[in-house]
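Using this note's numbering, you'd call the opening residue of the sequence shown number 26 and step up by one each time. All C-beta atoms in this analysis are idealised placements derived from N, C-alpha and C, irrespective of residue type, glycine included. On a predicted model such as this, the values are computed, not experimentally measured, just so you know. To start, the structure under review is shown below, and the notes come after it.
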Amino acid sequence: MDFLGFDDINSLKDWVAQARKLKNAPLRYQELGAGKTIGLLFFNPSLRTRLSTQKAAQNLGLNCIVMNFDKEGWALEYLDGAVMDQGKSEHIREAAQVISQYCDIIAIRAFASLQDRERDEAEVVLKGFQEHASVPIVNMESSTAHPLQALADAITLDENDLNEKARKKVVLTWAPHPKALPHAVANSFVKMMKQQDVDFVITHPEGYELNPEIASGVQIEHDQNKAFENADFVYAKNWSSYNEYGKVISRDPTWMVDQKKMALTNNGRFMHCLPVRRNVVVSDEVLDSETSLVIEQANNRTYSAQLVLMKILESMKGQ
Ligand code: CP
């Protein structure tokens, strides 16, 4: 069993319920991973994913090897038939098979290049490992998806009564950022929200449309204030342009989430995957207020990862 994207979750409702149960007794399955090893391969920086996935693995008794592949590994070639007479020292064909001998599960973080949309959408790194490794692969944020984050967000929403009482309104808002950022978090959040029984709205400036295949069927509102009206949850995230691929086409500071905008909501809760740039994406006031769920979201990263690893370990039993 691989965990590459949100589509690998067969029942979101069941997975959220199981993760919440796991959160109450995280050390209950410490024997499950005994004698097994997970390798966490990072091609990009991380705080939450690295530590929460490591903790999740430890909770399951897994041995954990972490490698900052971009700094410590050989530069990998992914193209079949490549004449490797330039900067790439090792082919994915050997690397994936070799790592599979040391690790029973391989988890990978490999962001979008934001240079070449076709290559990013082909998920060359993640799919390269999937094709050539002989063990399960876990996506710790790829070019187009961050399913462990979206699962943690679903847990956080459920804990904060998304599915209780009246139907809720959830808003995903684009927010300004000085750097070009990938679409992975927004994509997976949209996929997750499409499985929820809520009113879901995406708000962004013109030109910041997400991949139309992912956003299809979702209400888009270009007036951010209007979108915030009566929202129960506001999820802020920057992403770069999809059509002018990887470009920053606006840094409009009026799109920052502040107290005035949150006052338009229905006592809405603020969410962000972190790391977040204070007073660029969101004001101090909002981030430091009781409406903010960002620390809870980060905490739930442990349980989303632990649930995924548990399912993989269970699927390996008897193999
Ligand atoms: N949200 C998230 O994935 O955080 P890191 O980039 O720090 O892992």
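For His116, the nearest candidate out of Met287, Asp105 and Thr169 (CA to CA): Comparing Cα-Cα distances from His116 to each of Met287, Asp105 and Thr169, the minimum goes to Asp105.
Comparing alpha-carbon positions, which option in Glu254, Val160 and Val210 lies nearest Pro300? Checked all of Glu254, Val160 and Val210; the closest Cα to Pro300 is Val210.
Buried or exposed by the 16-neighbour rule on C-beta atoms within 10 Å, applied to Thr279: With fewer than 16 other Cβ atoms within 10 Å, it is exposed.
On a CA-only basis, which of Glu56, Leu47 and Arg45 is nearest Lys370? Give me that one, please. What the structure shows of the chain is the stretch from 26 to 344, and residue 370 is not part of that stretch, so it cannot be assessed.
What is the DSSP secondary structure of Thr169, reduced to helix, strand or coil? Note: Thr169 maps to coil in three-state DSSP.
What separation, rounded to the nearest whole angstrom, lies between the Cα atoms of Lys190 and Gln221? So the alpha carbons of these two residues sit roughly 14 angstroms apart.
Three or more C-beta pairs closer than 8 angstroms, one from the segment 269-278 and one from the segment 183-202: is that the case here? Judged by Cβ distances under 8 angstroms, the segment 269-278 makes contact with the segment 183-202, as three or more pairs qualify.
Return the Cβ separation of Ala132 and Thr78 in integer angstroms, given the expectation that the two are a contact with Cβ distance under 8 angstroms. The beta carbons of Ala132 and Thr78 sit about 6 angstroms from each other, so the pair counts as a contact at 8 angstroms.
Among Gly64, Asp32, Asn304 and Thr316, which has the Cα closest to the Cα of Ala288? Answer by Cα proximity: Thr316.
The alpha helix (DSSP H) that contains Asn188, what's its start and end? Here Asn188 belongs to no alpha helix (DSSP H), and DSSP marks it neither H nor E.
Closer than 8 angstroms: Pro300 CB and nearest the ligand CP heavy atom: Yes - the ligand CP has a heavy atom lying nearer than 8 angstroms to the Cβ of Pro300.
Taking just the CA atoms, how far does Ile162 sit from Gly30? Cα to Cα, Gly30 sits roughly 11 angstroms from Ile162.
Taking the alpha-carbon positions, what's the Val305 to Asp39 distance? Roughly 36 angstroms separates the two Cα atoms.
If you measure from the CB of Ser317, is any heavy atom of the ligand CP nearer than 8 angstroms? No, the ligand CP has no heavy atom inside 8 angstroms of this Cβ.
Which word fits Asp145, buried or exposed, when buried means at least 16 other C-beta atoms lie within 10 angstroms of its C-beta? The residue is buried, with at least 16 neighbouring Cβ atoms inside 10 Å.
Beta-carbon separation (whole angstroms), Glu166 vs Thr74, contact threshold 8 angstroms: Taking the Cβ atoms as the reference, Glu166 lies roughly 6 angstroms from Thr74, within the contact range of under 8 angstroms.
Val307 - partner residues in DSSP beta bridges: Beta-bridge pairing links Val307 to Val282 and Arg303.
Is Asp224 helix, strand or coil by DSSP? DSSP, reduced to helix, strand and coil, places Asp224 within a strand of the structure shown.
Can you give me the C-alpha to C-alpha distance between His157 and Val223, rounded to a whole angstrom? Roughly 40 angstroms separates the two Cα atoms.
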